[in-house]
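Contents: one structure, followed by commentary.
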Amino acid sequence: MLHTIEVFAMDRGDFVTFLRSMAMDLDVRDYARYDDLLSYMEGSAAAIGTMMLPILEPADRALAREPARQLGLAFQLTNFIRDIGEDLDRDRVYLPRADLDTFGVTRADLRAAADRRAASPPIRALVAYEVERAREHYAAAAPGVPMLAPASQACIRAAFHLYGGILDEVQRAGHDVFARRAVVPNRRRLAVAVRCLLTPPGTPVGPPAARRP
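What the sequence shown shows, in the numbering used here, is residues 890 to 1102, in sequence order.
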């Protein structure tokens, strides 16, 4: 690890931030506001993006840092949306309490929806709100992909679209994340991978397009 850090001149501060968030997972079960959740995700997700950045060799590391942060945030928020039920089983709720309050949803409501494998209309509205928030992170991350070394772009471009595709599947299910786990179909995964391999380096990346349920 120390060798890799030295060779790629990785920011050691990212590792400190990462470990701080991992320690939070020991006793923090939920977050009051989105800013509080962002503080956690700064280490658990954004720091992962910036850790990888030197290995992906962007032309301008300083310019690419913020999009890399945003991509980490986008990926993790996507996970939080998809995995509400699984996180409940671990006694955790990663959607901010302020958002639950806005839509009139309680932790007990989420538990009941998970048990009956069907989301109520208020929960669907909450999930739709979080999906749009995640899409904002993807939009902020998109300019960073063409900044990477040509050899690095295809894999990150594919990850960008496939993770964004999970949001498409959530929307396709009417924002009910309890009926079934949102998974990108294998045929679409293959199509995305091939398309990204064939995309010329430097091609701009648009945010994942919203699909009709």
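No residue lacks a Cβ here, since even glycine has one placed at the ideal position from N, Cα and C.
Rounded to whole angstroms, how far is the Cβ of residue i from the Cβ of residue j, which I believe are closer than 8 angstroms?
{"i": "T939", "j": "D903", "result": "5 angstroms"}
{"i": "Y983", "j": "Y920", "result": "7 angstroms"}
{"i": "A1029", "j": "Q965", "result": "Not a contact, Cβ separation roughly 14 angstroms."}
{"i": "L942", "j": "R954", "result": "6 angstroms"}
{"i": "E1058", "j": "V1073", "result": "6 angstroms"}
{"i": "G1054", "j": "R1077", "result": "6 angstroms"}
Mark residue i as exposed unless 16 or more other C-beta atoms lie within 10 angstroms of its C-beta, in which case mark it buried.
{"i": "D868", "result": "It is not possible to answer for residue 868, since the shown part of the chain is limited to 890 through 1102."}
{"i": "R1046", "result": "buried"}
{"i": "G932", "result": "buried"}
{"i": "M930", "result": "buried"}
{"i": "T995", "result": "exposed"}
{"i": "R1070", "result": "exposed"}
{"i": "P956", "result": "buried"}
{"i": "R979", "result": "exposed"}
{"i": "R1013", "result": "buried"}
{"i": "L1056", "result": "buried"}
{"i": "G993", "result": "exposed"}
How is residue i classed by DSSP in three states: helix, strand or coil?
{"i": "D925", "result": "helix"}
{"i": "M899", "result": "coil"}
{"i": "T991", "result": "helix"}
{"i": "G1033", "result": "helix"}
{"i": "V1073", "result": "coil"}
Could you please give me the residues that DSSP links to residue i through a beta bridge?
{"i": "V982", "result": "D919"}
Is the beta carbon of residue i less than 7 angstroms from the beta carbon of residue j?
{"i": "P1032", "j": "G1091", "result": "no"}
{"i": "L999", "j": "L977", "result": "yes"}
{"i": "F969", "j": "R1006", "result": "no"}
{"i": "L833", "j": "L945", "result": "Summary: the structure shown does not reach residue 833, with the chain confined to residues 890 through 1102, and so no result is reported for it."}
{"i": "A936", "j": "T967", "result": "no"}
{"i": "T1065", "j": "A1008", "result": "Reading the sequence as shown, one finds Asp at residue 1065 and not Thr. Their beta carbons are under 7 angstroms apart, which means D1065 touches A1008 by this criterion."}
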